[in-house]
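Just so you know, we're using our numbering here: the sequence shown kicks off at 237 and counts up by one.
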Amino acid sequence: MKKVDNEKKNFLWNAVGLSMNTFNSLFFMIIINRINSGREAGIFTFAFSLVGMLYFIAIFYSRAFQVSNKKFSNKEYIIHRIINCILTLIISTLFVVICKYSFYKSIIILLITLFRVLEALADVFYGIEQVNGYLYKAGKSMFFKGLISIIVFLIIDIITKDVRLSCFGIIIINLFGILFYDIKNSKDYIENDIKMSNLISLYKKTLPIFIFSFLSIYLVNSTKYTLDFYDSAEIQNIFGIILMPGTMLSLCCQYILNPYLNKMSDLKKNNNFLDFNKLIAKISSYVILLGILGEIVCYLIGIPLLNFVYNIDLKQYKYLLLIIIIGAICYALVNIFSSALTILERNFIQMIIYIINSIFAFIISIILISNYKIKGAAIGYSIIMLLILITYILCYNKTMKDLRYENETTNK
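Okay, here's the thing in structure tokens:
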């Protein structure tokens, strides 16, 4: 079928949908802090961060790869995603058994895993819609599933005071959304043919993407994982709260980035690397401006707003919040360069970037958090994000230089 042009509608609904998808965990945390206890909120925060790593087992490759790579059929992408979702559920179950978490903590982790697995499954249908010019349908799906999930989570928690039942409620909402909306919108573009050799090839081609994506979420949350070892669930909750604005800011990069993925893919296909580089610079400038605005807002009203929303006194953490925002700006820029290198099929080098930085992150987190606890976690987060950004900029510039040289040599 012919791809349609819905650029304005795609941009608007993608931004709205991603906003809701980004902010839903924020609202879940607010609800738990208001209705339940700081300990339960801390467990939920840790579980959501932990499952963030498992989510990348389910998703395996980025949307940028699916949108830019036409070598595989949509059905092959779907089957590949289903296999990984099942594998993620198995790994999550084994993980909580091996770690011997409390029964309550284990159930929360497993329920959030199922919730995120359904999000990963939905994402493959979003990719199909985006390729065919219907990104706005994906945006609508994320928005309405997110909104209804927040409402259901709130109602169930008010009635039962049980976070586990609230998590079960949002699982049902997302399952219904996939069955009755996402599949329906994508079915006309799903081919009947599927080759086992293509599935194997898809795993081989996307393995570097999976490794660096998996390690990327480890790097973002490495300070949380280390803090869980060195401090209480209550402190984990506080760190999760002051980290949330930074997390939202870095994820807001996707508002700007996602609508440009098709254009980036087309520029690469036409070997138009000069305009490709200009587009990356343009997107990066938008993110930097957004980051500066975020830093100013957090300085002026960040802590008072968090105090009001979560009903917790966070005055002593103001400068830790500002440090975290700097790290978040760095990570938002990393997402841009990562998508660019993925579209340019430079996945192996990204894997190396994350392996090296993961080693540094592990060392930095232990040294800073063991000595300075939550202060060390905030400083460590920003140092780690800055290191990743520097290595990405160096690799991206080297890649563009090589591609321009190859292009000039070919045209002679």
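For glycine and all other residues, C-beta sits at the position ideal for the given N, C-alpha and C.
Buried or exposed: P540, going by 16 or more other Cβ atoms within 10 Å of its Cβ? exposed
Report the option in M432, F573, T462, G382 whose CA atom is closest to the CA atom of S601. T462
Exposed or buried, which one is Y370 when buried takes at least 16 other CB atoms within 10 Å? buried
Straight-line Cα distance separating S486 from G382: 19 Å
C-alpha distance - I364 paired with I344, whole-angstrom precision: 31 Å
How long is the line joining the alpha carbons of T442 and K611, rounded to whole angstroms? 37 Å
Could you tell me the alpha carbon to alpha carbon distance between T396 and Y417, rounded to whole angstroms? Y417 has its alpha-carbon roughly 29 Å from the corresponding atom of T396.
Taking only runs of the alpha helix (DSSP H) that begin and end inside the segment 479–540, which ones reach a length of at least 4 residues, in chain order? 497–505, 509–533
How big is the Cα-Cα spacing for V303 and C489? Cα-Cα distance, rounded: 18 Å.
Between L625 and C566, which are expected to be in contact by the criterion C-beta below 8 Å, what is the C-beta distance as a whole number of angstroms? Here L625 really is in contact with C566; their C-beta atoms are around 4 Å apart, less than 8 Å.
Just mark W249 as buried or exposed, buried being the case when its beta carbon has 16 or more other beta carbons within 10 Å. buried
8 Å contact criterion, which I180 and L550 should meet: CB distance rounded: An answer regarding residue 180 cannot be provided, because it is not within the stretch 237 to 648 covered by the chain.
Looking only at its own chain, which residues have a Cβ that is under 6 Å from the Cβ of L451, when we skip the five neighbours before and after it? Y590, S594
Enumerate, from N- to C-terminal direction, the unbroken beta strand (DSSP E) stretches of 3 or more residues contained entirely within the segment 532–583. none
Proximity below 8 Å, CB of L390 to CB of I267: yes
Between the alpha carbons of R582 and N547, how many angstroms are there, rounded? Their backbone Cα atoms lie some 46 Å apart in a straight line.
CA-to-CA distance, Y522 to Q472, given in whole angstroms: C-alpha of Q472 to C-alpha of Y522: approximately 32 Å in a straight line.
With a threshold of 16 other CB atoms inside 10 Å of the CB of A517, please say whether the residue is buried or exposed. exposed
Cα separation between Y425 and L604? 50 Å
Closest by CA to I314, which one among E470, E276, M432? M432
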